[in-house]
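Numbering (my numbering), first residue to last: 5 to 105.
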């Protein structure tokens with residue numbers, strides 16, 4: 005069973021969580037000034053790296069709060085989780101290597 009650490013509730017089973025997409029996406033300051041192509045780019049185009057990615061998650065069957073996580077897409081291992089509004093933490097080379105195993 006995969007355990008995910010909710011920064012508010014602690015470690016819980018993965019079935020309690022829902023992925024909410026890439027984290028740290030800035031909303032355009034003036035969406036009405038964007039072209040349809042620019043708006044579609046903002047809405048739908050996201051990074052899909054092979055490796056570490058910062059994502060937003062929701063503890064859907066727990067506290068129901070959103071938080072951010074850094075996860076390795078190759079192994080599905082979580083490096084860290086952190087509250088919404090906090091800056092993305094630095095990941096050490098050792099943490100990245102451990103997540104890739």
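A virtual CB, placed ideally from N, CA and C, is assigned to each residue, including glycine.
Sequence-distant residues of the same chain with beta carbon closer than 7 angstroms to residue 20, five excluded per side: 63, 64, 65 and 66
Residues that DSSP places opposite residue 61 in a beta bridge: 23 and 71
Sub-8 angstroms separation of residue 56 and residue 30 beta-carbons: no
Unbroken alpha helix (DSSP H) run spanning residue 12, endpoints: Taken as a continuous stretch (DSSP letters only), residue 12 belongs to no alpha helix (DSSP H), as it is neither H nor E.
Buried versus exposed, by CB contacts within 10 Å (16 or more), residue 42: exposed
Proximity test, Cβ basis, 8 angstroms: residue 89 and chain B: The chain inventory of the structure shown lacks chain B, comprising one protein chain alone.
Range of the contiguous beta strand (DSSP E) that encloses residue 101: Per DSSP, residue 101 belongs to no beta strand (DSSP E); it is in the alpha helix (DSSP H), 97-104.
Candidates 103, 23 and 37, of which the one nearest residue 78 by Cα: 103
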